[in-house]
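Protein sequences appear in the order of chains B and R.
Per my numbering, residue 1 is the first one in the first sequence, and the count goes up by one each step.
Per my numbering, residue 1001 is the first one in the second sequence, and the count goes up by one each step.
There are 2 protein chains.
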Amino acid sequence: MIRIALDAMGGDHAPREVVLGGLAAATELEDLQLYLVGPQEVVEKQLDGQTYPQSRVKIIHAPDVITADDSPVMAVRRKKESSMMTAIRMVRDGEADAAVSAGNTGALMAGSLLVAGRLGGIDRPALTVVAPTFNGDNVVILDVGANMDAKAEHLYQYALMGKIYAREVLHKPGPRVGLLNVGTEENKGNDQVRKAYDLLDNHLEGFIGNVEARDVMDGVADVVICDGFVGNIMLKAIEGLSAGIFAALKDTFSANLKSKMAAAMLMPELRSLKKHLDYAEYGGAPLLGIDGVCIKSHGSSQARAIRSAIVTQAYRYASKDVNGQIIRELTELPLQE
Amino acid sequence: MIRIALDAMGGDHAPREVVLGGLAAATELEDLQLYLVGPQEVVEKQLDGQTYPQSRVKIIHAPDVITADDSPVMAVRRKKESSMMTAIRMVRDGEADAAVSAGNTGALMAGSLLVAGRLGGIDRPALTVVAPTFNGDNVVILDVGANMDAKAEHLYQYALMGKIYAREVLHKPGPRVGLLNVGTEENKGNDQVRKAYDLLDNHLEGFIGNVEARDVMDGVADVVICDGFVGNIMLKAIEGLSAGIFAALKDTFSANLKSKMAAAMLMPELRSLKKHLDYAEYGGAPLLGIDGVCIKSHGSSQARAIRSAIVTQAYRYASKDVNGQIIRELTELPLQE
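Structure below.
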């Protein structure tokens, strides 16, 4: 049985969509024990009239709620009885195998680090996204915002964690790991990435060298490594441009009667493309390097995305003992030379 | 008379499209003196049958050519008689007011720096793009790849240069300058940007604080400041995603007969959107901080983009004495406190 603690109060569409997503996952996976964490009455009300495997769904009462506006550190310190912090604590205490939340990203990162702690041998956890690529596949990108000043050694650790995640959770045999850089040649980039290149080249099986940002979405690598500052900016640039292009297309299509008619005919195809590119649909962003399993769902998650975060990420992550493999493979590679 | 030295041999479509773009600019601007720099015979052949103001167009013979594959530093050292290096040397020697090239970016940056030198008071030049925004305006982004390890002081200098460029060349009164960061709050980001924030906040009129990558294309600022590593990755992510989305749209539209018909009806609107987003159309990327005017056109430039680089950038840059204003405004702001 895999036990998942779901923060029922996190995200723009909580508790409604979060609870529905959780129930869908519990219905789908027969060895899933779902803990819906939040104020008893609020969560109970969401369950009214729903059909779900009652023996495998349980409410864990947590009276407080961390909001999107809360300062992460203050939230972690002062809102110990919040749904998010309770879910994380359940993981730390061995009462759950994984925590899933669509709430405040900063609070989730800070809370996971402070409460669950770091995985043995890992200096810095990394916020990790699984982004869709144009060839119908996907790419693991980390770090996209957990740490702002990463050293080369941290980039090496990200690479190892991302590789194991891609292999075990995304079922990619022999993942190709690329280092995000301004050019593909070996000596490109700043001091940090040149040092990381050497470490990866010497110690990481599957390292394919530098990759450029323009090729990431084409699937040039299965795993792309970068520091949290650069990764966050790349991800947000992609998010913003994608949203902007689809909004501009909408404007373009409603320009006149002819374009409106044509656009109506194309709508199913356009929707499907937009959905394919929307990584919020893909579920969650795992925090790799935490001593436990902690998945951040996009704040805008609807039931489907929550279900996906549980089924395709939290459940697989916990059942494959990804963290155990990270510890074992990390130990085998000496960093100091 | 503004004198422009155009590298007739730079870019994927040289010399044909480059020469045609140059002639278009010379025809349009009556006080433009155009120097077409390249092998005499090759350039001469391109002029056959063209109508243009003959008294204001002159070939400057340069026998050698720097290719896209040349190593920048080697090219600068060994190909002194190349069209690109000759154009830069003409600027240094006061024989031209600006150099324009669609050739090897690295060679153009290295050549400008080594031959023309830095502008007084500027420590590092910055490669600067003018990118379209979704609100029909544009945004100046620098540095997008000239320097890989910028300090806070360099970011301050980029900000000042970008601001003056936006004001004088793009005719934006009181440009709003934003610092690219992972969040809008003051204390966000890595050590480098936090220090830069302080400098900009204390010394740069028009500084509006941190801006996020997802808002850059929405026109949240007129000038966006970042180090060359981050800027290059953001720009290439935007380039790659934009190309990918339009390719995916094309596939989507040719899925079946119905979608093909609908897409045909929308083609004019789609082309216009794609063109609006393609910053290669906008002409050139100025190298700010060089003692002279040096504009890099996109390698894929057709005649129209070359014309645009000359008319909307090189010509205005040189005629407004942008560099003189940078020197004057920089001197007025003491950096050491």
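By construction, the Cβ of each residue, glycine as well, lies at the ideal position given by its N, Cα and C atoms.
In this text the structure is predicted, and so the values were computed from the model without any measurement.
- Within the segment 29 to 41 of chain B, not one residue has a Cβ closer than 7 Å to any Cβ of chain R.
- Within the same chain, and ignoring the five residues on either side of A1068 of chain R in sequence, the residues whose Cβ sits closer than 6 Å to its Cβ are N1104.
- Residues of the segment 1177 to 1189 of chain R that bring their beta carbon within less than 7 Å of a beta carbon in chain B comprise L1180, V1182, G1189, in sequence order.
- V76 of chain B has a beta carbon lying at 8 Å or more from every beta carbon in chain R.
- Within its own chain, the residues whose Cβ lies closer than 7 Å to the Cβ of P1015 of chain R, once the five positions on either side in sequence are excluded, are A1008, M1009, G1038, V1042, V1043, Q1046, listed in chain order.
- For the C-beta of V216 of chain B, the chain R residues within less than 8 Å are, from N- to C-terminus, A1237, G1240.
- Taking 4 residues as the shortest admissible run, the segment 1145 to 1171 of chain R contains the following complete alpha helix (DSSP H) segments, listed from N- to C-terminal end: 1152 to 1168.
- Against chain B, the CB of G1244 of chain R has a partner CB under 8 Å away; the residue lies at that interface.
- DSSP, read as helix, strand or coil, puts A1131 of chain R in strand.
- According to the DSSP assignment, D1007 of chain R belongs to no alpha helix (DSSP H) but to the beta strand (DSSP E) extending over 1002 to 1007.
- Between I1225 of chain R and chain B, the shortest Cβ-Cβ separation is not below 8 Å.
- When secondary structure is reduced to three states using DSSP, A98 of chain B falls in the strand class.
- Proximity of chain R to G219 of chain B at the Cβ level (cut-off 7 Å) is not reached, the minimal Cβ distance being about 10 Å.
- With contacts defined as CB atoms closer than 8 Å, L1266 of chain R and F253 of chain B qualify as a contacting pair.
- In this structure, the beta-carbon distance from L1199 of chain R to E1239 of chain R does not fall below 8 Å.
- At a C-beta separation below 8 Å, G1299 of chain R has no neighbours in chain B, since its nearest C-beta there lies roughly 13 Å away.
- At a cut-off of 8 Å, the C-beta of E212 of chain B has a neighbouring C-beta in chain R.
- A distance of 8 Å or more separates the beta carbons of V144 of chain B and V130 of chain B.
- For a cut-off of 8 Å, the C-beta gap from A99 of chain B to A87 of chain B is around 4 Å, short enough to register as a contact.
- Residue pairing for G1178 of chain R: DSSP places it in a beta bridge opposite R:G1209, R:V1224.
- If you look at L32 of chain B, you'll find it in the beta strand (DSSP E) that goes 32 to 38.
- At least one C-beta of chain B is nearer than 8 Å to the C-beta of L1266 of chain R.
- Setting aside the 5 residues that flank it on each side, A1075 of chain R is surrounded in the same chain by I1066, A1107, each with a C-beta closer than 6 Å to its C-beta; the list follows chain order.
- DSSP places P286 of chain B within a strand segment (E or B) once states are collapsed to three.
- Taken through DSSP and simplified to helix, strand or coil, S1071 of chain R comes out as coil.
- If you check the CB distance, L1032 of chain R and Y1052 of chain R do not come in under 8 Å.
- A residue is called buried when at least 16 other Cβ atoms come within 10 angstroms of its Cβ; K275 of chain B does not meet this threshold and is exposed.
- Within chain R, the C-beta atoms nearer than 8 Å to that of G145 of chain B come from V1182, in chain order.
- For V1230 of chain R, a Cβ of chain B is located within less than 8 Å of the residue's own Cβ.
- Per DSSP, the continuous beta strand (DSSP E) segment holding V1140 of chain R begins and ends at 1138 to 1142.
- The residues D1143, N1147, M1148, D1149, A1150, H1154, L1155, Q1192, in chain order, have a CB closer than 8 Å to that of D1227 of chain R in the same chain once the five nearest residues on each side in sequence are set aside.
- Annotation: the continuous alpha helix (DSSP H) that includes V193 of chain B extends over 191 to 203.
- For I88 of chain B, the uninterrupted alpha helix (DSSP H) run begins and ends at 83 to 92, by DSSP.
- Distance from the Cα of A126 of chain B is smallest, within the candidate group B:K260, B:R118, B:L241, for B:R118.
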